[in-house]
Structures are given as C-alpha cells and as structure tokens.
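Written out below as structure tokens is the structure these notes cover.
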Ligand SMILES: Cc1cc2nc3c(=O)[nH]c(=O)nc-3n(C[C@H](O)[C@H](O)[C@H](O)COP(=O)(O)O)c2cc1C
C-alpha cells in the first residue's frame, strides 16, 4: 500500500506472521530515468522475510529495463500493479488503466516475466467499471504470459474503495485459471479471511486496510487458518507499546525528522477506538521527536 507498506511496516507484518509482504508501488518510469527517490522504495531487508516488489508502468520496454531491479534489491517476486485507480496513475495509462487494454496488459506482463529473473505476479481488480468486468479474461492472459499468481481485488477501478468488494468475481477467476489466486477486499477479521477462502476457493488472502494500526489481525488470521484459538484483542497498553515500537522502526530506517512525521498516521491508526483520545490525537499530529510522541502516548495510560 502506497504510503504505508514501507520497510518498517513490512517488518512488523512479517513478525506477526504474514507469509509474503509487498512494497509500496514503485514507478517503473522513475527507475528507468534513474530517479533517486524511486530507488529508495526498494529498501528490502532480505533477512526479515519474503518481500514482493510491486512496479507500476504501461510501457513494455520500460518494464523490460526495470523488471530486474526487484531481484537485484532482494525481492522474491515481482508484482505488476494493474489495480491502482488513483487519477494521477491511471491518467498515464498505468495501474488499473491497464485493465482497459488487455493487449497492453499482456505485453507488460510478458515483458516482466521475460526480464524479472524471479516469479512475476499481477494485481488486478474486477474490471474497469461495472459494465466492463474482465478479471477472468485478464487472469487467463496473465496465466498465458507465465505469471505465477494473481491477486484479485473484488472492486472495479471506478468503485475506488467504495461499496462492497465482490467476492464472486474472485471465485470466477479461481475457477478459470490453474495458478494460485489471492483474494482481496474487505477482510476485516480472521473470520472474514476464512470466509474468503471458503467462498472463493482462493489459495491465500491479502489483507489491506484492516491491518492499519492492527498487525494483530495478521496473527489472528494465521491462527484461524491453522484452526487454533485466537483472541488477540490488544488493550490500550499493548497498542501503545506497539505504536511506539513501530515509530522506533520508522525512525531507524528514515531518521527522526522524516520518521516522526511519517509515524503520526500509524500512531493514529493504533489508537483508533480508544476512548477519550481526541486531545492526545491532536498532540500526536504535532509530535516533533520520539520523546514527544512517547510523552503524549503515556498520557493515555
Ligand atoms: C492508502 C492505500 C494505498 C494503497 N496502495 C496500493 C499499492 O501501492 N499497490 C496495490 O496493489 N494496492 C494498493 N492499495 C490497495 C490495497 O492493497 C487493497 O487492494 C485494497 O485496499 C482492498 O483491500 P482491503 O479492503 O482489505 O483494504 C492501496 C490501498 C490504500 C487504502
């Protein structure tokens, strides 16, 4: 998730039992033109666990030139983003716009598979809009190109993040290809994850927004799949401890100035649902250092 799944977030997700984590989407064009900031997204700690690097782009030649970066920086898999509906991405023909042109979609994947040197996956949505639901067609193209796995987010690009994800389209994709399909969209609890598996027959699930400030969902889901008891309902002290740990990790990787600013949104997410925290939330938005952040959070105990 852009702006979220940086090195610190991924490390935490892996610590809580995620089987595979994804980088934020990375611009193939940015890499191609040697943009220094773009390269920073490849900050992968191989020892932390398996990371899939996600590229976005629509030009097969640029994908060909940049696909090798994923392996070079330690990713175990390269994912092509064909699901991002953000206007600044689709206006260039990238992300979900690829779904509108199955031929280019196939060329991009073909190019990625031939040049990545590691397995290539793709993330798609149900289709562009409700009149153009083509996930099954795209999944078959992806399979033909040699893609190793497909993630399907059961919304259209036009849906953005609104409404309810359609799990039925995920099931249709599962039934039309033989490569593993990952189900995504609206998994809020471990029970939802179980339902996703049972309803769609998908091989694995991808957790999204529900993990924000809530890595416990990952552990819960793993235990649910293992058929074990799971009651991870962190109390305020545990949430604060985890929020501070997350903050320290971001600072470790990005320095205190940038890190404390980026950590604010994560801390807000960790505190969601804790009663009487509105004053503290305001203070968190102003925290300038780790010491300040800690001081504000301690007031909740
Ligand atoms: C802030 C934000 C950033 C996202 N960035 C990406 C991204 O970079 N690549 C991607 O494939 N999906 C991205 N997504 C989509 C999520 O991975 C996921 O498909 C979507 O949120 C649906 O799953 P959920 O209902 O479990 O959140 C993003 C979503 C959000 C909310």
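In the numbering used here, the protein residues as written are 1 to 301.
Backbone N, C-alpha and C fix where the C-beta goes; we use that ideal spot for every residue, glycine too.
Check                                                                                                                                                                    : Outcome
Kindly indicate which residue of 167, 161, 179 and 159 has the alpha-carbon position closest to the one of residue 148.                                                  : 179
State the DSSP-derived secondary structure class of residue 46, mapped to helix, strand or coil.                                                                         : helix
On the DSSP bridge list, what partners appear for residue 376?                                                                                                           : With the chain represented from 1 up to 301, any question about residue 376 goes unanswered, as that position is not in the structure.
Looking at the unbroken beta strand (DSSP E) that takes in residue 23, where does it start and where does it end?                                                        : 21 to 27
Between residue 254 and residue 297, what straight-line distance do the alpha-carbon atoms span, to the nearest angstrom?                                                : 21 Å
Which residues mark the beginning and the end of the alpha helix (DSSP H) in which residue 293 is found?                                                                 : 290 to 298
Which residues share a DSSP beta bridge with residue 55?                                                                                                                 : 26 and 80
Please list, in chain order, all residues of the same chain as residue 174 whose beta carbon is under 6 Å from its beta carbon, the five residues on each side excluded. : 181, 200, 201 and 202
Can we count residue 170 as close to ligand 1, meaning its CB is less than 8 Å from some heavy atom?                                                                     : no
Quick check on residue 235: does DSSP put it in helix, strand or coil?                                                                                                   : coil
Measuring only the C-alpha atoms, how far is residue 150 from residue 291?                                                                                               : 43 Å
Residue 131: which of 159, 117 and 184 sits nearest, CA to CA?                                                                                                           : 159
Would you check if there are 3 or more beta carbon pairs closer than 8 Å linking the region 64 to 81 to the region 41 to 55?                                             : yes
Please report the straight-line C-alpha distance between residue 304 and residue 278, rounded to a whole angstrom.                                                       : In the structure as shown, the chain starts at 1 and stops at 301, and residue 304 therefore has no counterpart that could be examined.
Please name the residue in 69, 295 and 268 whose C-alpha comes closest to that of residue 30.                                                                            : 69
When DSSP builds the beta bridges, which residues end up paired with residue 205?                                                                                        : 183
From which residue to which residue does the alpha helix (DSSP H) around residue 369 run?                                                                                : The chain is shown from 1 up to 301; residue 369 falls before or after that span and cannot be answered.
Looking at the secondary structure, which residues open and close the alpha helix (DSSP H) in which residue 345 lies?                                                    : Look at the range of the chain in this structure, 1 to 301, and you will see that residue 345 is not part of it.
If you compare alpha carbons, which of 301, 197, 11 and 115 is closest to residue 275?                                                                                   : 301
Express the C-alpha separation of residue 61 and residue 117 in angstroms, rounding to a whole number.                                                                   : 16 Å
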